[in-house]
Every structure is written in structure tokens, then in C-alpha cells.
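For the sequence shown, the residue numbers in the numbering used here are 10 to 246.
Ideal placement from N, C-alpha and C gives every residue a C-beta, glycine not left out.
Working notes, beginning with the structure itself.
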Amino acid sequence: MTNFSQFTFSRIANGFPRTAWPKQVFSQAIFCTFIVSLSPAFATEPFSGAFIGNQIKESWAKQSASKDSKTKLAKATVETTIKAPKEFVWNALTDFSRYPHIFPKVKSCQVLKREGQLVYIESFLKPQLFVNEQCQHTINDLQNKPDCLRWKMVDGTFKAVEGEWQLKSTNSGRHCLVKYTLEVDPGPAIPRPIASMALKMTQKEIVGNFKQVVEKDIETVNSGRRASTSAALEPES
Numbered sequence: 010m011t012n013f014s015q016f017t018f019s020r021i022a023n024g025f026p027r028t029a030w031p032k033q034v035f036s037q038a039i040f041c042t043f044i045v046s047l048s049p050a051f052a053t054e055p056f057s058g059a060f061i062g063n064q065i066k067e068s069w070a071k072q073s074a075s076k077d078s079k080t081k082l083a084k085a086t087v088e089t090t091i092k093a094p095k096e097f098v099w100n101a102l103t104d105f106s107r108y109p110h111i112f113p114k115v116k117s118c119q120v121l122k123r124e125g126q127l128v129y130i131e132s133f134l135k136p137q138l139f140v141n142e143q144c145q146h147t148i149n150d151l152q153n154k155p156d157c158l159r160w161k162m163v164d165g166t167f168k169a170v171e172g173e174w175q176l177k178s179t180n181s182g183r184h185c186l187v188k189y190t191l192e193v194d195p196g197p198a199i200p201r202p203i204a205s206m207a208l209k210m211t212q213k214e215i216v217g218n219f220k221q222v223v224e225k226d227i228e229t230v231n232s233g234r235r236a237s238t239s240a241a242l243e244p245e246s
């Protein structure tokens with residue numbers, strides 16, 4: 010499994026005598042660390058060609074194979090219905106250069122390379138509490154388009170982080186049911202109940218922002234179409 014090392018919580022815990030940390034304050038600090046660190050699909054370490062790509066794919070396969078037996082990740086799913094066709098939602102989700110427009114914590118995002126159905130992206134986050142490295146990277150798997158987008162962090166605050174967007178057409182194809190799942194192995198420093206609670210809060214914010222932007226975009230498109238149709242039907246003077 011990939012080693013995640015963007016931010017080690019011991020940098021906080023070891024900076025003070027353990028007796029000076031009441032349990033409640035310590036838990037709140039852990040909770041804040043978790044909340045501000047999770048972006049939609051980003052991590053922290055430069056890609057180095059095919060070598061790191063193969064490392065990630067092997068790590069992904071090993072982690073998936075071991076989940077049922079040994080790896081117990083904190084997992085949470087949030088779902089919502091977006092008033093836009095599934096294809097429109099998919100295009101918005103995979104337009105990585107627009108992530109700063111969709112997700113407020115992202116300052117910039119660019120595609121570094123494409124390798125088959127894998128897309129490597131680099132992003133810069135806006136300054137946030139407990140985030141030492143603003144430059145982050147992730148690998149995205151598009152092989153199940155337009156039904157599912159999977160992503161995996163290269164490294165970061167936690168031992169392992171991966172996510173999945175599932176899309177399903179509803180309302181005769183006019184709307185899209187979106188399910189966003191995050192799985193996190195926070196390591197020994199963060200209790201899993203706290204990690205699970207933080208996951209839900211983070212996901213609601215991410216999905217809420219995405220829904221708002223996509224529905225606004227589709228309304229803009231539809232308004233333009235209605236205006237064009239109306240202009241075409243007007244008699245010439």
C-alpha cells in the first residue's frame with residue numbers, strides 16, 4: 010500500500026506534553042485535521058512517469074484485494090439527485106481544469122498526462138489549516154465511464170484514501186442520481202469513529218458544491234437553447 014506522508018499528526022501531538030492535551034481538545038484537533046485535508050480527489054507527490062503509474066496500479070490492486078480480509082477502512086457514502094442528464098454530469102466531473110470553479114478549496118488543477126483510461130492530475134489547494142503542502146496529485150480511473158469515476162491518492166495525510174463517483178440516470182434520463190463514496194485508512198493516529206464522522210461532513214460539502222454548480226451550468230445551457238429557439242421562431246420584420 011502506498012505510504013501517505015503529507016502531514017503526520019505526531020507533529021502536533023509530540024510538540025506538547027501528552028498530559029497537556031485533554032481528550033476532548035485532542036479529538037477536536039484530529040477532527041479538524043481530517044476535515045481540511047480531504048479534497049475531492051487530490052494527493053501530494055509528483056508523478057515520475059510510468060514507474061509511479063505502475064506503483065499506483067499495483068497498490069490499488071493489492072488494496073482492493075485485501076479490503077475484505079485485513080483492511081478495515083473508514084467508509085461513507087453520500088448521495089443526491091442532480092437535475093441534469095448523466096452525460097452532462099459526467100462531463101462536468103471529468104473536466105478537471107474546472108475543479109477550482111466547482112470545489113472552493115481548489116486553487117488550480119491541471120492534467121499532467123493520460124495513460125489509457127488513467128488520468129494523472131496536479132492541483133494546488135488554497136491555504137488551509139494543517140495543510141503543509143498545497144501541491145497535490147491524484148490518479149483517476151475512467152474505464153467505467155460514464156457510470157463510475159474512481160480515484161486514488163498518491164500520498165497525503167492518511168495511510169490510504171480512495172473514492173468513487175457513481176452515476177445513474179433517473180426521471181427518464183433528465184436527472185442523475187449521484188453516489189459519492191470515500192474510503193479512508195486514517196492510520197493509528199485518528200480514531201475511526203472520528204474519521205467516519207468527518208468523512209460524512211466532507212462529502213456533503215463536496216457533493217453540495219458539485220450539485221449547485223452543475224445545475225447552474227445546465228440551466229445556463231437550457232436558457233441559451235430556449236433563447237435560440239425563440240429567436241428562430243420570430244418572424245422577420
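Comparing alpha-carbon positions, the option among L176, H146 and V163 lying closest to D156 turns out to be L176. If you keep only unbroken beta strand (DSSP E) runs of at least 3 residues inside the segment 117-201, you get 127-134, 144-153, 157-162, 169-179 and 184-194. Here the alpha carbons of N100 and V187 stand approximately 13 Å from one another. Nearest neighbour of V193 by Cα position, chosen from H184, R183 and A204, turns out to be A204. In the three-state reduction of the DSSP assignment, T211 falls in the helix class.
Under the criterion of beta carbons closer than 8 Å, T190 and L151 do not qualify as touching, at roughly 17 Å. Rounded to whole angstroms, the gap between the alpha carbons of S178 and E214 is 22 Å.
If you draw a straight line from the Cα of Y129 to the Cα of P94, it is about 26 Å long.
Taking C-beta separations shorter than 8 Å and ignoring five residues to either side along the sequence, the partners of K116 in its chain run P109, S132, F133, L134, K135 and Q143, following chain order. DSSP lists E192 as the beta-bridge partner residues of K84.
For P109, the enclosing alpha helix (DSSP H) starts and ends at Y108 to I111.
As computed with DSSP, V115 is found in a beta bridge with L134. Straight-line spacing of the CA atoms in W174 and V216 works out to 10 Å. As the crow flies, the alpha-carbon of A85 is around 34 Å from that of N231.
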